[in-house]
Every structure is written in C-alpha cells, then in structure tokens.
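Participant: As you go down the protein sequences, you meet chains G and U in turn.
Numbered per the working numbering, the first sequence spans residues 1 to 251.
Numbered per the working numbering, the second sequence spans residues 1001 to 1179.
All residues carry an ideal CB built from backbone N, CA and C; glycine is no exception.
Handing you this structure, nothing more for now.
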Amino acid sequence: MVCEPWKEKLDLYLDGELLDELRVFDAHVRNCPSCAADVLAGVQMKRAIQIAGKRFAPSAEFRQRMQLHMQAKPRRSSIGFSWMTVTAVVAILAVVGLTFTYVGRERARTQQVYSEVADLHVATLASSSPVDVVSSDRHTVKPWFQGRIPFTFDLPELQNSEFSLLGGRMTYLDQTPGAHLIYELRKHRISVFIFPEESWRGRLDENSSVTKELSFSVETWSRGGLRYFAIGDAGGADIDRLAKLFKAANP
Amino acid sequence: MRVSRLDAQSDSFEELAMPLFDQLYNFARWLTQNREEAEDLVQETYAKALKGFSSFQLGTNFRAWMYRILRNTFLTSRTGLRVTNTVSLDSEEDGPDLAVGGATPETLLIDRSSQELVRRAIDELPVHFREILLLCDVEEMSYQEIAETLSIPIGTVMSRLSRARKGLRGRLQKQLQAG
Ligand SMILES: [Zn+2]
C-alpha cells in the first residue's frame, strides 16, 4: 500500500482542509492500519490541544470594565486616561470617515496604510512608556537602532528649529521592523516612522503632500529605499517642516 | 445626524466584537502569559478595532481581522518585542525526533489528568508555534483565516503548523520519558 502521499496530507485531513481527495483518503484509511493509527493519534492530539487550550476566562471585573467601555459613547466617557485619548480620536476618525463620499480602490488602499500608521502613533502615545530610548540627542538615538532594525538613516539637526526629539522605539507593521521617532512641537507630538520601502509592495504611490483626512496630518515620502511617514495632530505646515528636515538629513 | 450614524456604527461593532471577547482574552493570555498584560492587550485591541472599524470592509473576515489586530499589538508590546527578538523563526527547533515503538504521547493524552502536561508543553513552545496551534485547534480557524490573521501565505501556515505539532509531540514525549 502506498502511504507516503497520504502521510503528508494527514494534517490537511485532520484540519478539514482536504477537500478534493477526502473520499479517496477515507477509503485508504479504512484499509490501512498504519494510516488509521496515525489518524487516531492525530485526532487525539487535536482534541487534547483543544481542551488544554481553552484555559483562561476573563474575570467578571474585566468583563464589566470592557462592557462599560463599549457602552460609553464618545465624549461622554469618563474612564481611564489612555482610553479617553483613544476614544476622542475614535470619535473624530469615525466622523471624518463618514464624510467620505468617494473612496476609490487606490484611495482605500492608501487610507488603509494611513490608518495603520495612525494606529501605531495613537497606541504609542497612549501607552505609559512611549519610547524605549529616551533622549533628545540624535547621536544617542541613532546608534540605539543599530542591530535592532535592518537599515540605517540619519536624524536631522534640530538646532534653530522649534522641534525637539523625545526619543525612539522599535515598531512593527505587518511584522516588518521599523524605526519610530517621537518629536515635540509646542504641545503636539509628531511621529516619524521609517520602514524598508520593499515591505510596502506598491501599497502606496510615490510621495504624497500633506493630507489631513484622518484628523491627523500625514506626509509620506520615499528616499534611498526607505519609506518615511510623519504624522501628528500638528498643522500640515508643521509636519511638512519636519519632513523637510528629514529629507535634508537623508538626501 | 452624524452623531446618530456614529452611534449606529458603534453598536454594530459591539455586536460583532463582544462575542469574541472570551476567546480573544484566552488567546491574549496564551501570548502574554500574564493576566494584566492580557487585559491590557485585549483592551487596546478593542480600542484600535473600534477606531479602524470604519475602514473594515464588511464581508471580509471580521474574526481574522480582530485576531490580527490583537497579535500585531502584542508583537509591538514590550513582551512581544522581547519574545520575538530572542527567538527568531529560523532558530526555532522542531523538537527531538520520536523514538519508534513504546508509548506515544497520544496514549498519554487519554488520561484527562494529563491536561496539565499538555498545557505546559504548549506554554513552552516558541510563540509562533503556540499561536498557530491555538488558532487551528482551539479557535478552529481555517488555513485561510490563519493566513489572514498571521499575514503569511497558506503554504507557510501548513509548514509552520506541521513543525508546531512536531515540536509539541517532542515535548510531550520528553515528559513521558521523564515521568
Ligand atoms: Zn496508509
């Protein structure tokens, strides 16, 4: 009896993914003690993982807290600081989202990217420790990234500008590691994200001028195989000034 | 008018998202291996999902979308960064090859008191193996859903799943021999 091809498909069979050959496999298993034993063992293992895996249940207190969050209407919420921040942004984003009348395919894709970048920006600012390397000195922050991300870049000189560097952290977008720098301008926080350009696989067109569609101003550009995003609740002109500083530092 | 539409949207998000609460928490707890971190992770996931809900395409897989947000949030958390930085995918061992003959891990599993052993073995797996086993066997996701959740091709789902199962069997076999 030829078992090899079936042994390779055992997982597919057990996971209910063997569609075309299901009957043939069934027929083989009925006549082959070796494969039948494998199927039995596989079923037992899956069952054991299923039982062991259903292990943790949320506490009643946590469930109640989440239900309160879900019921809290934006603006009326008075719960936790970070949640407030997020909720406020949610409200703005949702309202802005509803005002779209035309969302072409191209545009939807770009929106999706912007919204992922906005997610990273908001989530970081809402966390209790937004930066992993706390420094206003670009000569400290730049080497910190070495060995953590698979590319290098230069940070702009900020003397004589109104921007100040708060620090940096590693970030991930779809498992691609990137650099995240946080700047301050008056009371505004601005994030600059840098990822390898190839990880975007044409999800974005060339460069965009500042857009203001997400309640944040966003500017993105591509230089030397890297994709940059500058995003924040500062004005578009401010974002553009920071972007220009980066472009000058990374010609 | 805008406000009422916003409310309507929030309500439908709640209807879709709250039924996933228990299972998302279970998954978060397996990933973080810590109660408080799991709660933070679930809370942040719901906040991000609610915010991104207007961009979510109805008709696409909502469950996979929620799990993907949770997992990406975990990967960028302190614990997630530590776990993924210390164990790269390439260096994950598959576990020892099994000796032929004698008791198999599966015979051990018949005993319900062995659940703790299985739990410990899952806990010890590298996070990329742990999560794919949970998605497949506990959440009973299809390969397509797993591919969407983990942002990997289906071929990778199959090979990683096979390595994860081999790794788990290897660990159980070791416990069996030790006990
Ligand atoms: Zn056979």
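Roughly how many whole angstroms lie between the Cα atoms of residue 1016 of chain U and residue 17 of chain G?
Facilitator: The count along the second sequence starts at 1 and reaches residue 1016 of chain U at position 16. The count along the first sequence starts at 1 and reaches residue 17 of chain G at position 17. Roughly 26 Å between the two C-alpha positions.
Participant: Just verifying my parser: in three-state terms, what is the DSSP assignment at residue 19 of chain G?
Facilitator: What you label residue 19 of chain G is simply residue 19 of the first sequence in a count that begins at 1. Correct three-state label for residue 19 of chain G: coil.
Participant: If we count Cβ pairs, one from each stretch, closer than 8 Å, do we get three or more for the region 1024-1036 of chain U versus the region 1130-1139 of chain U?
Facilitator: Yes: the two stretches touch, three or more of their Cβ pairs being nearer than 8 Å.
Participant: If I'm right that residue 1125 of chain U touches residue 1167 of chain U with Cβ under 8 Å, what's the distance once you round it to whole angstroms?
Facilitator: For the purposes of this step, residue 1125 of chain U is taken as the residue at position 125 of the second sequence. For the purposes of this step, residue 1167 of chain U is taken as the residue at position 167 of the second sequence. That belief holds up - the Cβ atoms of residue 1125 of chain U and residue 1167 of chain U are roughly 6 Å apart, short of 8 Å.
Participant: Once DSSP output is grouped into helix, strand and coil, what is the label at residue 1141 of chain U?
Facilitator: To locate residue 1141 of chain U, count along the second sequence from 1; it is residue 141. Coil, per DSSP.
Participant: Closer than 9 Å, Cβ to Cβ, to anything on chain G: give me those residues from the region 1131-1142 of chain U, in chain order.
Facilitator: Against chain G - using a Cβ distance shorter than 9 Å - the residues of the region 1131-1142 of chain U are 1133, 1134, 1136, 1137, 1138, 1139, 1140, 1142.
Participant: Mapping DSSP to helix, strand and coil, what is residue 131 of chain G?
Facilitator: By one-based count along the first sequence, residue 131 of chain G stands at place 131. Reduced to three states, the DSSP call for residue 131 of chain G is coil.
Participant: Against chain U, does residue 25 of chain G count as a neighbour if the rule is that its beta carbon must be under 7 Å from one of theirs?
Facilitator: Here the question's residue 25 of chain G lines up with position 25 in the first sequence. It does not: the Cβ of residue 25 of chain G has no partner Cβ on chain U nearer than 7 Å.
Participant: Between the beta-carbon of residue 1044 of chain U and the beta-carbon of residue 1073 of chain U, is there less than 7 Å?
Facilitator: The residue you call residue 1044 of chain U lines up with position 44 of the second sequence. The residue you call residue 1073 of chain U lines up with position 73 of the second sequence. Yes, the pair counts as a contact, with Cβ atoms nearer than the cut-off.
Participant: If you check the beta carbons only, do residue 119 of chain G and residue 1174 of chain U fall under 7 Å apart?
Facilitator: Working through the first sequence from its first residue, we reach residue 119 of chain G at position 119. Working through the second sequence from its first residue, we reach residue 1174 of chain U at position 174. Not closer than 7 Å, so no.
Participant: Ordered along the chain, which non-local residues of its own chain (more than five positions away) have a Cβ less than 6 Å from that of residue 1159 of chain U?
Facilitator: Taking the first residue of the second sequence as position 1, residue 1159 of chain U is located at position 159. Counting only Cβ-Cβ distances below 6 Å, and skipping sequence neighbours, we find nothing.
Participant: Kindly list, in the order they appear in chain U, the residues whose Cβ is closer than 9 Å to that of residue 115 of chain G.
Facilitator: As a first step, residue 115 of chain G must be located in the first sequence, where it is residue number 115. Those are 1051, 1052, 1054, 1055, listed as they occur along chain U.
Participant: Would you grab the beta carbon distance between residue 230 of chain G and residue 219 of chain G for me? Rounded to a whole angstrom, and I think it's under 8 Å.
Facilitator: On the first sequence, position 230 is the one that residue 230 of chain G refers to. On the first sequence, position 219 is the one that residue 219 of chain G refers to. Contact holds; Cβ gap of about 5 Å.
Participant: Since residue 189 of chain G is in the beta strand (DSSP E), which residue starts that stretch and which ends it?
Facilitator: Sequence index remark: in the first sequence, residue 189 of chain G carries index 189 (1-based). From DSSP, the beta strand (DSSP E) with residue 189 of chain G extends over 188-196.
Participant: Any contact between the region 241-251 of chain G and the region 155-164 of chain G? By contact I mean 3 or more CB pairs, one from each, below 8 Å.
Facilitator: Flag = yes, the region 241-251 of chain G and the region 155-164 of chain G touch.
Participant: Under a three-way DSSP split, which group does residue 248 of chain G fall into?
Facilitator: For this step, residue 248 of chain G is matched to residue 248 along the first sequence. Note: residue 248 of chain G maps to helix in three-state DSSP.
Participant: Here's the rule I'm using: 16 or more other beta-carbon atoms within 10 Å means buried, otherwise exposed. How should residue 83 of chain G be labelled?
Facilitator: Along the first sequence, one-based indexing puts residue 83 of chain G at 83. For residue 83 of chain G, the predicted structure reports a pLDDT of 43, less than 50, and the residue's modelled location is therefore unreliable. A value from the coordinates is still provided. Its Cβ being crowded by 16 or more others within 10 Å, residue 83 of chain G is buried.
Participant: If you follow the beta strand (DSSP E) that residue 220 of chain G is in, where does it begin and where does it stop?
Facilitator: In the first sequence, residue 220 of chain G corresponds to position 220, counting from 1. Run containing residue 220 of chain G: 217-223, per the beta strand (DSSP E) assignment.
Participant: With a threshold of 6 Å (Cβ to nearest heavy atom), would residue 34 of chain G be considered close to ligand 1?
Facilitator: One-based indexing of the first sequence puts residue 34 of chain G at position 34. Yes; taking the cut-off as 6 Å, the Cβ of residue 34 of chain G has a heavy atom of ligand 1 nearer than that.
Participant: Do residue 197 of chain G and residue 226 of chain G have their C-beta atoms within less than 7 Å of each other?
Facilitator: The residue labelled residue 197 of chain G in the question sits at position 197 within the first sequence. The residue labelled residue 226 of chain G in the question sits at position 226 within the first sequence. Yes, they are a contact pair.
Participant: In terms of residues, what are the limits of the beta strand (DSSP E) holding residue 253 of chain G?
Facilitator: Chain G is shown from 1 up to 251; residue 253 of chain G falls before or after that span and cannot be answered.
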